[in-house]
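This report concerns only the one structure given below.
This is the structure we're talking about:
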């Protein structure tokens, strides 16, 4: 991650990454399929956090409450595994490379569809489940962008609650 | 478009497309940069419809009313320029090819950010404007997916209004 920021994503080789991490290339490939994986390996963790929060919530809760539970779980995971500084570095690398931006978009879309499936598994109608997935990911990514702003010191969970209030004010205005 | 459906996107050449349309390849390239453009040339029309609807609405209207105006304008444009049968054929081609799916996602993201800019130009705060763009595109793409379902006969505008009610029921539940 440091190397990508120093040299640019394209110019950094797996050999460079392995040397910096003091492991062999063979060890590198045991953990990551390629160098893009270094940036995207957290994807599954976030998706699991969202999906588990929805699946494990008590019965009878409204969709909006489940979206909150999913976002809070995602925020907790992100803050624990990556932290704000690392998230900022990762974002700088991705925004400088179009192929990585496309990969990031695909990741967010997969996340939205995983949330949709989790809602369908709880009996939410397909259209509502799809919208819930899209809205949840839009909220998470909006709060995330605010969280990594240069001078931002507020907590991701707090920003998510503010974003939730913004969504409500839009849809009920 | 017919050729893509018959032979698959990869196997269809620009020469094939030009021959079917009874034009020279040179004429083809006057209208489209490449064969992917045949599928995505409607993109600008949709974006213009959304953005103009937001920009031209009377002052003092709430964000939710402007989202409705944008979606209605987009639906009108789509139904007039493409129509349901063509939209179904296009969707079948795109969903069979991963690179085209990525392009479609990029298109939707650009559309969301164009809507965000149109809201910011009207003085809506950045976070709300971003959410409004994401929510508008999520609503449009959800209604669009329903519109092109095999047995669907209902109008896109009608489906959009139903989707809008669904979003409201999610965020106020």
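Protein chains in written order, with this note's numbering: chain Y, 4 to 176; chain A, 4 to 176.
Where is the CB? At the ideal position from N, CA and C, for every residue including glycine.
**Request:** Drop a sphere of 10 angstroms on the beta-carbon of residue 93 of chain A, count the other beta-carbons inside from all chains shown, and report buried for 16 or more, exposed for fewer.
**Result:** buried
**Asked** Between which two residues does the alpha helix (DSSP H) harbouring residue 133 of chain A extend?
**Response** 129 to 150
**Asked** Grouping DSSP H, G and I as helix and E and B as strand, with all else coil, what is residue 12 of chain A?
**Response** coil
**Request:** Say whether chain Y places a C-beta atom closer than 9 Å to the C-beta of residue 68 of chain A.
**Result:** yes
**Asked** What in chain A is Cβ-close to residue 56 of chain Y, meaning under 7 Å?
**Response** By Cβ distance, chain A contributes nothing, its closest Cβ being about 16 Å from residue 56 of chain Y, past 7 Å.
**Request:** Using 10 angstroms around the beta-carbon of residue 59 of chain Y, count the other beta-carbons present and answer buried if the total reaches 16, otherwise exposed.
**Result:** exposed
**Asked** What whole-angstrom Cβ distance do residue 141 of chain A and residue 119 of chain A have, given they're in contact under 8 Å?
**Response** 13 Å between Cβ atoms; not a contact.
**Request:** State the Cα-Cα distance for the pair residue 165 of chain A and residue 147 of chain A, rounded to the nearest angstrom.
**Result:** 12 Å
**Prompt:** Quick one, which residues of the stretch 115 to 136 of chain A are near chain Y if we go by CB-CB under 7 Å, in chain order?
**Reply:** 130, 131, 133, 134, 135
**Proximity to residue 131 of chain Y [Cα-Cα], best of A:70, A:176, A:69** = A:176
**Request:** Closer than 8 Å by beta-carbon distance: list the chain Y residues that pair up with residue 108 of chain A, in chain order.
**Result:** 105, 108, 109, 112
**Request:** For residue 28 of chain A, I'd like the list of residues in its chain whose CB is within less than 8 Å of its CB, leaving aside the five on either flank, ordered along the chain.
**Result:** 17, 18, 21
**Through-space distance from residue 36 of chain Y to residue 145 of chain A, alpha-carbon basis** = 34 Å
**Prompt:** Should residue 138 of chain Y and residue 174 of chain A be called a contact, given that it needs their Cβ atoms to be closer than 9 Å?
**Reply:** yes
**Span separating the alpha-carbon of residue 103 of chain Y from that of residue 113 of chain Y** = 15 Å
**Request:** Note down, in chain order, each residue of its chain lying with its Cβ closer than 7 Å to the Cβ of residue 73 of chain Y, except the 5 sequence neighbours on either side.
**Result:** 53, 56, 57, 118, 139
**Request:** Return helix, strand or coil for residue 62 of chain A, following the three-state DSSP convention.
**Result:** coil
**Asked** Which chain A residues are close to residue 149 of chain Y, counting only those with a beta carbon under 7 Å from its beta carbon?
**Response** 130
**Message:** Against residue 65 of chain Y, what residues of chain A qualify as contacts under a CB-to-CB distance less than 7 Å, listed in chain order?
**Reply:** 176
**Request:** Work out the CA separation of residue 12 of chain A and residue 6 of chain A for me, nearest whole Å.
**Result:** 8 Å
**Request:** Compute the beta-carbon to beta-carbon distance between residue 84 of chain Y and residue 45 of chain Y, rounded to the nearest angstrom, for a pair I have assumed lies under 8 Å.
**Result:** 6 Å
**Asked** Taking C-alpha atoms, which residue in A:106, A:61, A:143 lies nearest to residue 38 of chain A?
**Response** A:106
**Message:** I'd like to know whether the C-beta atoms of residue 151 of chain A and residue 90 of chain A end up nearer to each other than 9 Å.
**Reply:** yes
**Asked** residue 66 of chain A and residue 122 of chain A: beta carbons closer than 9 Å?
**Response** yes
**Message:** Restricting to Cα atoms, I'd like to know which of Y:43, Y:143, Y:96, Y:127 is closest to residue 10 of chain Y.
**Reply:** Y:96
**Message:** Check for me: the alpha helix (DSSP H) holding residue 119 of chain Y runs from which residue to which?
**Reply:** 101 to 124
**Prompt:** At which residues does the alpha helix (DSSP H) containing residue 98 of chain A begin and terminate?
**Reply:** 86 to 98
**Asked** Going by alpha carbons, who is nearest to residue 8 of chain Y out of Y:88, Y:158, Y:149?
**Response** Y:88
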